[in-house]
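In the numbering used here, the protein residues as written are 136 to 278.
Glycine included, every Cβ here is placed at the ideal spot set by N, Cα and C.
Quick caveat, the model's predicted, so the values are computed rather than measured.
Step one of this worksheet: look at the structure below.
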Ligand SMILES: CC(C)(COP(=O)(O)OP(=O)(O)OC[C@H]1O[C@@H](n2cnc3c(N)ncnc32)[C@H](O)[C@@H]1OP(=O)(O)O)[C@@H](O)C(=O)NCCC(=O)NCCS
């Protein structure tokens, strides 16, 4: 297993990975924009040449890091990889003087327990935030 920075020639593979591992659908150009804004904050985890997870974020004003996507193939969940990716992206963001990390998670998702374990707290609710009408929970962690 290796963690690398996302390359644009991996875009098709990334789209296939996300289509089968996330409920939301995204357009390709979204990921090119995310990478263009902050290439160091776009991590890919591979087993041999196969993408098994990704984590990407954006640097926002007011010393804030927003996690945009964190997802692992189910065979790779529960092995400490999510925590490792989160620690790595936070480390990459330190150079920007980041003081706060923010993200949204589905209200019905087990990810909320994961983020709580990592020190995040729920701070707001976004009604009908997701494409299927599920509420979003805004979570934050102070560094
Ligand atoms: C959520 C996700 C990124 C977590 O990554 P992971 O590699 O499975 O989690 P880790 O193994 O790093 O777990 C870190 C800690 O959180 C806990 N945890 C992880 N998932 C958990 C769950 N579903 N329920 C309870 N605790 C959980 C672990 O027990 C671990 O605790 P510890 O440090 O005390 O041992 C991953 O499971 C995933 O991709 N899920 C599906 C997609 C998703 O929901 N993404 C988030 C959308 S906002």
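Legend entry - Opening and closing residue of the beta strand (DSSP E) in which residue 259 lies: Counting from 1 along the chain shown, the entry for residue 259 is found at position 124. Residue 259 -> beta strand (DSSP E) spans 256 to 261.
Inset, instruction - Could you check what DSSP says for residue 217 in three-state terms: helix, strand or coil? - result: Along the chain shown, read from residue 1 onward, the residue named residue 217 stands at position 82. Residue state for residue 217 is assigned as helix, using DSSP reduced to three classes.
Legend entry - Host alpha helix (DSSP H) of residue 152 (start-end): For the purposes of this step, residue 152 is taken as residue 17 along the chain shown, with counting starting at 1. Element bounds for residue 152: 146 to 156.
Legend entry - Same chain, Cβ closer than 7 Å to residue 269, neighbours up to 5 away in sequence not counted: In the chain shown, counting from the first residue as 1, residue 269 sits at position 134. Excluding sequence positions up to five before and after residue 269, its CB lies within less than 7 Å of the CB of 241, 242 and 243, all in the same chain and listed in chain order.
Legend entry - residue 245 vs residue 278 beta-carbon contact at 9 Å: Taking the first residue of the chain shown as position 1, residue 245 is located at position 110. Taking the first residue of the chain shown as position 1, residue 278 is located at position 143. Not a contact, by the Cβ cut-off of 9 Å.
Inset, instruction - Assign residue 170 to buried or exposed, taking buried as 16 or more other Cβ atoms, counted over all protein chains shown, within 10 Å of its Cβ. - result: To locate residue 170, count along the chain shown from 1; it is residue 35. The residue is buried, with at least 16 neighbouring Cβ atoms inside 10 Å.
Legend entry - Contacting residues, own chain, Cβ-Cβ under 7 Å from residue 211 (five flanking each side not counted): Position 76 of the chain shown, counted from the first residue, corresponds to residue 211. Only 187 and 188 meet the Cβ criterion.
Legend entry - residue 197, enclosing alpha helix (DSSP H) - first and last residue: Position 62 of the chain shown, counting from 1, holds the residue named residue 197. Residue 197: not part of any alpha helix (DSSP H); DSSP gives it neither H nor E.
Inset, instruction - Enumerate in chain order the residues of its own chain whose CB-to-CB distance from residue 172 is below 8 Å, with the five nearest sequence positions on each side excluded. - result: Working through the chain shown from its first residue, we reach residue 172 at position 37. The residues are 193 and 194.
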